[in-house]
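Residue numbers (the numbering used here): 2 to 490. Inspection log for the structure reproduced underneath, given as structure tokens.
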Amino acid sequence: MIGAEPASARPATDRLALAAPAAFGVLLYAALMTNGFSAGPERDFGTFVYNHYFLSVLDGRLDLPARIIGMEGLYAADGRAYTVHGLAPLLARALAWPFVDLRQTSVAAASILGFTALGSALYHLTFARIVLRFGPAEAQARRTALLLVGLAAWLSTPAVILASNNSFYHEQYALAFFFGAAWLAGAAQVVVFGAPAARVVLVLALFAGLMVHARPHVALGLYAGTLAFLARDLLDRRGRAVPAAAASLLVLFGFGALYLAVNHLRSGSMTGLGSLAWGFLHFGEYTAETPRVALQDGKTGWQPGRIPGNLLLYLVDLPRGLGGEALGWLHRWMTRPFGFVAIETPRLGLLFSAAPWAFVIFAGLRARPLGLRMGWVPLLACSVGPVFLLSFSMVALRYRVEMWPPIAALALLALPRLMCSLTDAAALHRFRRTAVLTLALSAGSLTLALPYSIPGWDAFGDWSRAECAERFAGKGFAAPDIARICADP
2 MIGAEPASAR PATDRLALAA PAAFGVLLYA ALMTNGFSAG PERDFGTFVY
52 NHYFLSVLDG RLDLPARIIG MEGLYAADGR AYTVHGLAPL LARALAWPFV
102 DLRQTSVAAA SILGFTALGS ALYHLTFARI VLRFGPAEAQ ARRTALLLVG
152 LAAWLSTPAV ILASNNSFYH EQYALAFFFG AAWLAGAAQV VVFGAPAARV
202 VLVLALFAGL MVHARPHVAL GLYAGTLAFL ARDLLDRRGR AVPAAAASLL
252 VLFGFGALYL AVNHLRSGSM TGLGSLAWGF LHFGEYTAET PRVALQDGKT
302 GWQPGRIPGN LLLYLVDLPR GLGGEALGWL HRWMTRPFGF VAIETPRLGL
352 LFSAAPWAFV IFAGLRARPL GLRMGWVPLL ACSVGPVFLL SFSMVALRYR
402 VEMWPPIAAL ALLALPRLMC SLTDAAALHR FRRTAVLTLA LSAGSLTLAL
452 PYSIPGWDAF GDWSRAECAE RFAGKGFAAP DIARICADP
């Protein structure tokens, strides 16, 4: 390699190349979250949902005020409202509860921004360690690689989309983004850096368990990956691995059992919604003629036949006017036999918004193999959630968060190979040029984030007392029940 620098000098010379992308990312996320790029209206739909959910749990209940959850609630026959989402967003409320009045102060923006930034920081640190371990020894080349990889970790992921909006839809995804980053960072210790599995299995179990309460189907893959590392540890250490294995299994079981128990208490079913009805259907906003309902034609929300068509959009979708219409027509043709699939705007495929990582994967996997241990485990673990997502009846911008983990896992395997291939000036020049071009292309993710940060949430907003009373009167509730259900939250 060119002009190697003493290892002892690296921390001081590399600090700026590490800090600059992180500072840029945090400032960008904060500007998006605070509507800093637009004079449009504030977004406030659902920002108190999880506050009231937390307060209800403190009272020993799982229901929350109908006026707060509105149409996005799940309704029981007696008028009680629930949220379909898990317990994970209550973490931020538990931290804030001693210091703020949760009935008056929303912590949604801080929670989304904080967990999104933490997730990006973990991805950044993981990929930066790979650059330092496998990348160029020459100081300037190494710092350039650190800077470009760091910018990609903060800019060229769905984190930009998450940070652009403070609605309650995003909070579970922000937590899932962080939990997934933490799990993959732990897996990298074994796969890339050669640590024994014993060092990380308990941490992997913790974040897999937490994922159950953010995105349960994503957690299935993390559970499988954790069990694979656990099995590796048992093979390596045999009897000495039993205590760590038992503790990890207990953590996995505990989080899973809590999830099933909450479901049962809420709906009477451990795995479904029981007799609860989604607000849009319950109050007649959606009917049998609504396309999202009518075109299902008896099909479930999860159809494996939708996977090819949905994958097409998630990877290469384009905005309307730039080819999006043709792609939409092709998608409808591919998915029509499997029921209606809603497509939310804005639209842009991950191959564009995550272009630097597509380059890393393509170039890295073409380079000389390094024989990384158990590389298949994070790839498999991070691919289970997207399989479920791709068979779902909606393609949405925020769902791209769940398509990111397999890209990150592939990058985890490819980046060491790419870094090891940067052995001469020509290779370094090609890397810099392509990385800069793909970073510029991925700035298109900002074209998604900026309009998405100020959508109209009026149809989804909180209910006034009069609107709530009208809704429940239409369902035949008596005046005393309406007064109870529609009381001030």
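Note that CB positions come from ideal geometry on N, CA and C, so glycine has one too.
What's the call for residue i, buried or exposed, on a 16-neighbour Cβ count within 10 Å?
i           : result
residue 409 : buried
residue 187 : buried
residue 424 : exposed
residue 286 : exposed
residue 434 : exposed
residue 265 : exposed
residue 363 : exposed
residue 26  : buried
residue 374 : exposed
residue 407 : buried
residue 243 : exposed
residue 295 : Model confidence at residue 295 stands at a pLDDT of 49, short of 50, so the residue's coordinates are unreliable; what they give is reported in the following sentence. The residue is exposed, with fewer than 16 neighbouring Cβ atoms inside 10 Å.
residue 334 : exposed
residue 369 : exposed
residue 379 : buried
residue 172 : buried
Just verifying my parser: in three-state terms, what is the DSSP assignment at residue i?
i           : result
residue 196 : coil
residue 400 : coil
residue 271 : coil
residue 139 : strand
residue 92  : helix
residue 224 : helix
residue 184 : helix
residue 83  : strand
residue 323 : coil
residue 287 : coil
residue 155 : helix
residue 4   : Confidence at residue 4 is low in this model, with a pLDDT of 37, below 50, so the placement of that residue should be treated as unreliable; the coordinate-derived value is given next. Three-state DSSP puts residue 4 in coil, outside helix and strand.
residue 75  : strand
residue 303 : coil
residue 455 : Residue confidence for residue 455 is low, a pLDDT of 49 falling below 50, so the modelled location carries little weight; the figure read from the coordinates is stated next. In this structure, residue 455 counts as coil in the three-state DSSP scheme.
residue 279 : strand
residue 65  : strand
residue 190 : helix
residue 108 : coil
residue 10  : Unreliable positioning characterises residue 10 in this predicted model, as indicated by a pLDDT of 47, which lies under 50. The coordinate reading is nonetheless provided below. Reduced to three states, the DSSP call for residue 10 is helix.
residue 296 : Interpretation of residue 296 is limited by its pLDDT of 47, a score under 50 that renders its predicted location unreliable; no figure is taken from the coordinates.
Taking Cβ to Cβ, would you say residue i is nearer than 8 Å to residue j?
i           : j           : result
residue 178 : residue 117 : yes
residue 440 : residue 156 : yes
residue 352 : residue 359 : yes
residue 190 : residue 201 : yes
residue 233 : residue 198 : yes
residue 90  : residue 112 : yes
residue 262 : residue 169 : no
residue 385 : residue 344 : no
With a cut-off of 8 Å on the beta carbons, I'd call residue i and residue j a contact; round off their distance for me.
i           : j           : result
residue 67  : residue 469 : 6 Å
residue 75  : residue 278 : 7 Å
residue 376 : residue 338 : In fact, because the Cβ distance is near 36 Å, the residues do not count as touching under 8 Å.
residue 103 : residue 56  : 6 Å
residue 148 : residue 21  : 6 Å
residue 332 : residue 314 : 5 Å
Segments assigned alpha helix (DSSP H), at least 4 residues, entirely inside the stretch 339-408:
Those alpha helix (DSSP H) runs which fall completely within the stretch 339-408 and span 4+ residues are 351-354, 356-367, 377-382, 385-391.
Which runs of the alpha helix (DSSP H) at least 4 residues long sit entirely within the stretch 411-456? Give them in chain order.
Listed in chain order, the complete alpha helix (DSSP H) runs (minimum 4 residues) inside the stretch 411-456 are 426-443, 445-453.
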